[in-house]
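First comes the structure, then the notes that go with it.
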């Protein structure tokens, strides 16, 4: 993935096929943590971090409702 995120924008697949990404293409990743990210990957990314305490109650409430709804459907 690092080669896609640098200036080359070249994705190399496991079978060695290479796909050039257009300049208009962008990649967005949403991760819970950076535990397995290498320093090379982190240096190529722009980061936006939001602390859960700054989100307010709405995301937690919505997650709780979705979890309860799913549990009710399964029963």
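Numbering (my numbering), first residue to last: 183 to 257.
Cβ coordinates follow ideal geometry from the N, Cα and C atoms, glycine included.
Since this is a predicted model, take the numbers as computed values, not measurements.
Can you give me the start and stop residues for the beta strand (DSSP E) that residue 194 sits inside? By one-based count along the chain shown, residue 194 stands at place 12. Residues 192 to 194.
Within this structure, are the beta carbons of residue 202 and residue 192 separated by less than 7 Å? Walking along the chain shown from the start, residue 202 turns up at place 20. Walking along the chain shown from the start, residue 192 turns up at place 10. Yes, the pair counts as a contact, with Cβ atoms nearer than the cut-off.
Contact check, residue 188 vs residue 226 under 8 Å by CB: the rounded distance? Here residue 188 is taken as the residue at index 6 of the chain shown, counted from 1. Here residue 226 is taken as the residue at index 44 of the chain shown, counted from 1. Indeed they touch by this definition, with Cβ atoms about 6 Å apart.
Helix, strand or coil: how does DSSP classify residue 200 here? Along the chain shown, one-based indexing puts residue 200 at 18. DSSP places residue 200 in strand when its eight states are reduced to three.
If you reduce the DSSP assignment to three classes, tell me which class residue 229 lands in. As a working note, residue 229 is residue 47 in the chain shown. Looking at residue 229 - three-state DSSP - the assignment turns out to be coil, as it is neither helix nor strand.
Given this structure, state the Cα-to-Cα distance separating residue 250 from residue 244, to the nearest angstrom. The residue labelled residue 250 in the question sits at position 68 within the chain shown. The residue labelled residue 244 in the question sits at position 62 within the chain shown. So the alpha carbons of these two residues sit roughly 10 Å apart.
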